[in-house]
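Scroll down for the structure; my scribbles are underneath it.
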Amino acid sequence: MQALDLLLNRVSVGRLLEPAPDAAQRELMFRAALRAPDHGQLRPWRFLTIEGDARVRLGELFATAMASDPANKAEALDKARAMPLRAPLLIVVVARLSEHPKVPQEEQVLSAGCAAHSLLLAAQELGFGAIWRTGALAHHPRVLAGLGLHASERIVGFVYVGSFEGERRTPPALEPVQFVSAWQG
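Each residue of the sequence shown is one higher than the one before, starting from 875 at the first, in my numbering.
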């Protein structure tokens, strides 16, 4: 697949099944992610892979985090438990933030976000489906602690990866003119 074709036709796939990418395919995906723009060569990212029974444990961590709010009902906790089971592989993209005189932390988060986008593109190029999800649980202190994140780290997203059924959907056509304008100074 040509690079522009991949960029123009990337779509999120929410229904993901076994199999997940194998070890060699994952290595390619991570190699692609490590090429994200990186001002100062800080490498402000790391990745956690979650699969198999670890997905069940992540679901329990999600439910425990949500249970800390008494407003959450049993159905919401069950839904949280099921979230990690939506794909055979989850990749938690973590921004590792540091103080730097020339590279603000916001830029470091954006770099980690570019790494996440590269994972999505690489998965699609390899014939897999993927979707990037976040939500309140990506910021919940219990989830961050349960995943072993340090105070200087934050979750950029959960990238769900797996095989998909049927045809890949066609992305909606967007016209650049709706989003681009010339600044006249």
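Every residue, glycine too, gets a C-beta built ideally from N, C-alpha and C.
Residue nearest to L1048 in terms of C-alpha spacing, selected from L882, L902 and R1016:
Nearest option by C-alpha distance: L882.
Which residues in the same chain as I1005 place their Cβ atom closer than 7 Å to its Cβ, once the five residues preceding and following it in sequence are excluded?
So the qualifying residues of the chain are S886, V887, G888 and Y1034.
G1036 in three-state terms, based on DSSP:
Assigned with DSSP and collapsed to three states, G1036 falls in strand.
Please classify R931: does DSSP put it in a helix, a strand, or coil?
Residue state, collapsed to three classes: helix.
With which residues is T923 paired in a DSSP beta bridge?
DSSP lists I965 as the beta-bridge partner residues of T923.
What does W1006 pair with, by DSSP beta-bridge criteria?
Beta-bridge analysis with DSSP links W1006 to V1033.
Classify R970 as helix, strand or coil using the three-state DSSP reduction.
Reduced to three states, the DSSP call for R970 is strand.
Return helix, strand or coil for R1042, following the three-state DSSP convention.
If DSSP states are grouped into helix, strand and coil, R1042 belongs with coil.
Cβ separation of A990 and V1017, assumed to be a contact under 8 Å, to the nearest whole Å:
At roughly 17 Å, the Cβ-Cβ gap does not stay under 8 Å, so A990 and V1017 are not in contact.
CA-to-CA distance, L880 to P815, given in whole angstroms
The structure shown has nothing for residue 815, since the chain only spans 875 to 1059.
Should the region 918–930 be regarded as contacting the region 971–991, the criterion being three or more beta carbon pairs within less than 8 Å?
Segments in contact, yes.
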